[in-house]
Amino acid sequence: MVLFRIPEVPALLIERPIKSLIVSDVHVGFEEELHEVGFRVPSQSWKLVEEIKQLIEKTKAKRLIILGDLKHKVPGTSKIEWRYLSSMVEEVRRVVEEIVLVPGNHDAGIGKILGNSVTYAPSRGFIIEDGERKLGLFHGHTWPSLSLSNADILVMGHMHPVVRLRAELGYTIRKRVWLNLETERASLVRRLKHQRSSKVPKGRLSLLVMPSFNDFLSGVAVNAVSEGRELLGPVMKSGLFDLSKAEVYMLDGTHLGKVSDLREFA
Numbered sequence: 003m004v005l006f007r008i009p010e011v012p013a014l015l016i017e018r019p020i021k022s023l024i025v026s027d028v029h030v031g032f033e034e035e036l037h038e039v040g041f042r043v044p045s046q047s048w049k050l051v052e053e054i055k056q057l058i059e060k061t062k063a064k065r066l067i068i069l070g071d072l073k074h075k076v077p078g079t080s081k082i083e084w085r086y087l088s089s090m091v092e093e094v095r096r097v098v099e100e101i102v103l104v105p106g107n108h109d110a111g112i113g114k115i116l117g118n119s120v121t122y123a124p125s126r127g128f129i130i131e132d133g134e135r136k137l138g139l140f141h142g143h144t145w146p147s148l149s150l151s152n153a154d155i156l157v158m159g160h161m162h163p164v165v166r167l168r169a170e171l172g173y174t175i176r177k178r179v180w181l182n183l184e185t186e187r188a189s190l191v192r193r194l195k196h197q198r199s200s201k202v203p204k205g206r207l208s209l210l211v212m213p214s215f216n217d218f219l220s221g222v223a224v225n226a227v228s229e230g231r232e233l234l235g236p237v238m239k240s241g242l243f244d245l246s247k248a249e250v251y252m253l254d255g256t257h258l259g260k261v262s263d264l265r266e267f268a
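The opening position of the sequence shown corresponds to residue 3 in my numbering, with each subsequent residue numbered one higher.
Next comes the structure, spelled out in structure tokens:
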């Protein structure tokens, strides 16, 4: 299975078995939370939807996979989400054959809004395979299903990874990034089974952490966190994947090195 990071965009493309565009953490309706604390931000959610539509048309994807947090408000549902989310999804469905949602922690109750307009994957993820390789997709707010330990590559969202870079004049910038990590497959299997097993799988397992599609939301500055404390989700907090050794890539594909190399610039 060939997995493409689309240049300059926080999205993935797979060619087989169905050409699919993958995005994560769209957070439709986030503006309402900003309005509640006094920030008057023009509506951005329709803009995000239009960007997704354009990506689908550009890549000619047949399926859109959303790795969680399509909506923003938690708990409950905001007025924006009730009023517009269904029509936003219908707008995207005009250019794609299927929308698959892996529910994230912000997506509670989303079925009442969207009904059967999307396909709901299990909240602990699912596997796509093309006969050669297996891709395990999950949001990241819960442990993945044990079946995902059979994947060649895991892909998750939830964390909104960014790097924080400090300029000479003292100001800082934050840039969305991709993270590539590895662990021993057996370590993940043991954690998911909660018991020792005589049959221990061998080899390494890769994890790709996606940047959030929504650029307005703050993320975890991976080169500035205290070990484990500010990481999101049980997989990252567990220490199974060593964040300091994660390879960091900007949206344009620039390789920044390992997280440990970037801490001095935070």
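Positions of the beta carbon are idealized from the N, C-alpha and C atoms, including for glycine.
Tell me which residues share the same chain as residue i and place their Cβ nearer than 6 Å to its Cβ, disregarding the 5 neighbours each side in the sequence.
| i | result |
| --- | --- |
| M90 | V51 |
| F6 | L15 |
Using the DSSP secondary-structure output, state which residues sit across from residue i in a beta bridge.
| i | result |
| --- | --- |
| N118 | Paired residues: none, contrary to the question. |
| V164 | R178 and A223 |
| S228 | The partner list for S228 (beta bridge, DSSP) is empty, contrary to what the question assumes. |
| S210 | For the record, residue 210 in the displayed sequence is Leu; it is not Ser. Its beta-bridge partners are V157 and N182. |
| G259 | V250 |
| V7 | The sequence given here places Arg at residue 7; Val does not occur at that position. The partner list for R7 (beta bridge, DSSP) reads L14. |
Would you say residue i and residue j are within 9 Å of each other, going by their C-beta atoms?
| i | j | result |
| --- | --- | --- |
| V250 | N225 | yes |
| D27 | M212 | yes |
| R178 | H162 | yes |
| L194 | P146 | yes |
| D132 | R18 | yes |
| S22 | K62 | no |
| R80 | E34 | At residue 80 the sequence reads Ser, which differs from the Arg that was named. Yes, Cβ-Cβ distance for S80 and E34 is below 9 Å. |
| M158 | V94 | no |
| E276 | I20 | Because the chain spans 3 through 268 in this model, residue 276 falls outside it and cannot be assessed. |
Under the assumption that residue i contacts residue j (Cβ atoms under 8 Å), give the Cβ distance between them as a whole number of angstroms.
| i | j | result |
| --- | --- | --- |
| V25 | I54 | 6 Å |
| K260 | K247 | 6 Å |
| E83 | I58 | Not really, about 22 Å apart at Cβ, beyond 8 Å. |
| V102 | I67 | 5 Å |
| L245 | I155 | Not confirmed; about 18 Å, so no contact. |
| G221 | S214 | 6 Å |
| H143 | N107 | 4 Å |
Spatial neighbours of residue i within its chain, please: CB distance less than 7 Å, with the 5 preceding and 5 following residues excluded, ordered by chain position.
| i | result |
| --- | --- |
| A223 | V164, V165, R166, R176 and A268 |
| R168 | T174, F267 and A268 |
| L190 | S151, L207 and L242 |
| V97 | K55, I58 and E59 |
| F218 | F32 and Q46 |
| P77 | A110 |
| G235 | G142, H143, H160 and M161 |
Closer than 8 Å by C-beta to residue i: which residues in its own chain qualify, once you throw out the five before and the five after it? Chain order, please.
| i | result |
| --- | --- |
| P105 | G70, I112, Y122, A123, S125 and H141 |
| I129 | K136, L137, G138, L139, S149, L150, N152 and A153 |
| K204 | R187 and A188 |
| V30 | S47, L50, V51, L72, K73, H74, I82, E83, Y86, L87 and M90 |
| G255 | R7 and P9 |
| D109 | G70, D71, L72, K73 and L103 |
| L258 | V165, V179, V250, Y251, M252 and L264 |
| L233 | M161, V222, V227, K239 and L245 |
| V4 | I16, E17 and R18 |
Following a CB-centred definition, is residue i positioned closer than 8 Å to any heavy atom of the ligand GTP?
| i | result |
| --- | --- |
| S189 | Within the structure as shown, the ligand GTP is missing, as the structure has no ligands at all. |
Hey, does residue i have any beta-carbon neighbour from chain D nearer than 9 Å?
| i | result |
| --- | --- |
| I130 | No chain D appears in the structure shown, which is made up of a single protein chain. |
Could you give the uninterrupted runs of the alpha helix (DSSP H) lying entirely in the segment 16-80, keeping only those of 4 residues or more?
-> 32-38 and 47-61
What are the complete beta strand (DSSP E) segments, minimum 3 residues, inside the segment 85-154?
-> 100-103, 128-131 and 136-140
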